[in-house]
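In what follows, a single structure is set out as structure tokens and then discussed.
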Amino acid sequence: MREPFPEHVCQTLEACHRDPARYVLSSRGWADLREHCGELTVELDALGRRPIAQRVDRDYARLHGQLREAATAASATDGLLLTDAVEELASTLAAIQRFRARASIPAGDGAALHNLGAESEPDPGAGKPSRTLTVATLLEWTTLSHSALNKYAQLAGVQTPRRGERNFRYGWPDARKILETVIANASDRRIRDKCRAALGNPPEITQ
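With numbering that gives the first Met the number 0 applied, the sequence shown covers 0 to 206.
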């Protein structure tokens with residue numbers, strides 16, 4: 000398997016912080032990053048690690064969406080969202096790299112990824128109640144219809160309520176992914192602005 004987080008990918012992600020978005024998207028480094036993530040996703044999927052492959056694909060798509068918005072926006076966009084998207088993709092690639100390194104498997108052997116995803120990172124919030132949002136609250140924040148909200152949730156890779164299911168709640172991490180996906184893909188600026196405002200006003204901790 001290819002090196003998950005090679006130096007040229009690190010340099011391109013650093014350029015996302017440093018250089019104008021329009022320049023990054025037209026650079027050879029970005030083309031290499033796109034190709035790298037695509038081929039890594041195919042390899043992970045072939046190894047039976049589809050959830051990890053989907054995570055790489057999702058994180059790349061989110062970063063691409065943030066860069067495109069930054070490149071075409073008439074006014075300054077929220078740099079925190081772009082920074083977060085860069086760091087999330089870097090974190091995913093680095094996690095794959097660390098796992099393979101601990102397993103002492105050479106670059107050509109994909110067996111090191113057999114258990115990737117089974118290990119868990121320490122949770123600093125363990126023992127504390129999780130922040131959650133009702134569907135109604137998320138609809139109010141975004142002004143989206145039920146069907147549109149479900150569409151963006153599916154695009155973000157987030158579980159949606161089953162037909163007829165009541166009292167469904169989105170965890171804040173999933174709600175955050177939905178809001179970021181709407182910001183990256185919605186054509187209505189008013190809706191995008193409402194989602195940005197919602198990201199800056201996370202819910203109180205609820206039981």
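All residues carry an ideal CB built from backbone N, CA and C; glycine is no exception.
- For Thr131, the enclosing beta strand (DSSP E) has its first and last residue at Thr131 to Thr133.
- DSSP places Gly170 in the strand class (E or B) of the three-state scheme.
- Pairing Leu80 with Gln65 gives a Cβ-Cβ distance under 8 Å.
- The Cβ neighbour count for Asp187, taken over all protein chains shown within 10 Å, is under 16; the residue is labelled exposed.
- Assigned with DSSP and collapsed to three states, Pro50 falls in helix.
- Within the model, the alpha-carbon separation for Arg195 versus Leu138 is close to 14 Å.
- Sequence-distant partners of Arg57 (beyond 5 residues in either direction) whose C-beta falls short of 6 Å from its own C-beta, in its chain, are Gly156.
- Across the structure, Thr136 and Leu143 are spaced so that their CA atoms are roughly 11 Å apart.
- In the three-state reduction of the DSSP assignment, Leu12 falls in the helix class.
- In the three-state DSSP reduction, Arg161 falls in the coil class, being neither helix nor strand.
- The Cβ atoms of Ala84 and Arg61 sit closer than 8 Å to each other.
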